[in-house]
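In UniProt numbering, the protein residues as written are 1 to 291.
Every residue, glycine too, gets a C-beta built ideally from N, C-alpha and C.
Predicted, not measured: the structure shown is a model, and the values here were computed from it.
The structure under discussion appears below in the form of structure tokens.
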């Protein structure tokens, strides 16, 4: 992804409140706001434009992050409808073109691509029941792919990370792998800019420690991963069926151990050095991670 200069404007001076974002030499614009500020958002001129949008929140039953992706020729009119029909969302992000060059076909194409990308990323449950999309001439399709790239750059800056896939370890990267072991079970992981990704095929303990009872979030997270199929009981362990990114090494280690764990000491490289030792080593270039 190319480097970019981003102009972020906090309308009320609060990073959690209404805000806009633009990239130098790009005709698009992003706007984000909590649901509680919908009235102020809908009064803004940008909301009259055609564009694509994300509604984000939490599923009431599973506790999992949830997102709805849509397109509209008038963002304002569509959001007014959603205020009365969708109650799960607590934040909205939308993207428009400042030069009014986005057509209905353009935004339908963007919507279809974004739904597919969000489903593949698996960072949130995608509420959309069916994919959209539209056929475009080659030149228009290329322009919209560039627009998609800008959405990928701005969305995490605004607080919505629904599209990026967890980093996958490729050939030649095995020297960077970390290992977390418990009672003969082995999990492999790799640090990312967002935390730590546990790799497909890794093992976690079937049993839970007493510390899991004292930290209910561990039980909840393990149950959620089992319910989603990310963890499957193979009779001897809980096995990861896909790469899964965690916000910190400790969160990943807690799921693997079945109880509280210090990720800085639980994760080691193939030589046995802990993550703490690796991060404190002179000339360390590993990404910083939360405890």
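Under the rule that 16 or more other beta-carbon atoms within 10 Å means buried, what is residue i, buried or exposed?
i	result
residue 297	It is not possible to answer for residue 297, since the shown part of the chain is limited to 1 through 291.
residue 16	exposed
residue 29	buried
residue 270	exposed
residue 160	buried
residue 189	buried
residue 124	buried
residue 12	exposed
residue 33	buried
Going by Cα to Cα distance, which pick from the options is closest to residue i?
i	options	result
residue 97	207, 52, 256 and 1	52
residue 254	228, 269, 274 and 187	187
residue 279	264, 73 and 270	264
residue 216	11, 266, 234 and 259	259
residue 163	120, 191 and 144	120
residue 165	144, 104, 193 and 31	193
residue 64	85, 272 and 89	89
residue 129	148, 66, 160 and 161	66
residue 126	135, 55, 185 and 247	55
residue 184	10, 237 and 227	237
residue 176	26, 14 and 273	273
residue 80	27, 31 and 48	48
residue 122	233, 229, 26 and 11	229
residue 349	99, 14, 76 and 59	Summary: the structure shown does not reach residue 349, with the chain confined to residues 1 through 291, and so no result is reported for it.
residue 95	227, 235, 234 and 26	26
residue 76	45, 18, 61 and 85	45
residue 36	61, 92 and 85	92
residue 61	235, 277, 227 and 14	227
State the start and end residues of the unbroken beta strand (DSSP E) segment that holds residue i.
i	result
residue 244	244-246
residue 94	89-97
residue 261	Neither: residue 261 is in no beta strand (DSSP E) and is coded neither H nor E.
residue 10	6-10
residue 51	51-58
residue 134	Residue 134 -> no beta strand (DSSP E), and no H or E assigned at all.
residue 21	19-23
residue 201	Run containing residue 201: none; DSSP gives neither H nor E here.
residue 16	Note, residue 16: premise wrong, no beta strand (DSSP E); not H, not E.
Here's a check: name, in chain order, each residue in its chain whose Cβ is nearer than 6 Å to the Cβ of residue i, leaving out the five neighbours to either side.
i	result
residue 225	231
residue 210	none
residue 1	none
residue 102	50
residue 267	178, 180, 249 and 275
residue 72	78
residue 246	195, 196 and 252
residue 68	55 and 127
residue 20	9 and 31
residue 140	none
residue 99	27
Which two residues bound the contiguous alpha helix (DSSP H) that contains residue i?
i	result
residue 104	104-121
residue 150	138-158
residue 197	No alpha helix (DSSP H) contains residue 197, which is instead part of the beta strand (DSSP E) from 195-198.
residue 275	275-280
residue 41	38-42
residue 85	75-85
residue 212	210-214
Leaving out the 5 sequence neighbours to the left and right, which residues in its chain are closer than 8 Å to residue i when beta-carbon positions are compared?
i	result
residue 23	4, 5, 6, 7, 150, 153 and 154
residue 214	260
residue 132	71, 108, 111, 112 and 115
residue 287	The pLDDT assigned to residue 287 is 45, lower than 50, so where the model puts this residue is not dependable; a value taken from the coordinates is nonetheless given after this. The residues are 191, 192 and 193.
So with Cβ pairs under 8 Å, would you call residue i a contact of chain E?
i	result
residue 109	Any reference to chain E falls outside this structure, which holds one protein chain only.
Tell me which residues share the same chain as residue i and place their Cβ nearer than 7 Å to its Cβ, disregarding the 5 neighbours each side in the sequence.
i	result
residue 182	205, 256 and 257
residue 83	38
residue 212	218, 219, 258 and 259
residue 291	Its pLDDT being 47, under 50, residue 291 is placed unreliably in this model, and the coordinates cannot settle the point.
residue 105	134 and 136
residue 148	110 and 113
residue 207	258
residue 18	11, 12, 33, 37, 40 and 41
Is it a yes or a no for the stretch 39-48 touching the stretch 106-124, going by three-plus beta-carbon pairs under 8 Å? With a cut-off of 8 Å, the stretch 106-124 and the stretch 39-48 do not count as touching, because too few Cβ pairs lie within range.
Three Cβ pairs or more, each shorter than 8 Å: is that satisfied between the stretch 228-243 and the stretch 185-202? Cβ pair count under 8 Å is three or more, so yes.
Under 8 Å: do the stretch 217-224 and the stretch 143-160 share three or more Cβ pairs, one atom per stretch? Three or more Cβ pairs closer than 8 Å define a contact, and the stretch 217-224 falls short of that threshold against the stretch 143-160.
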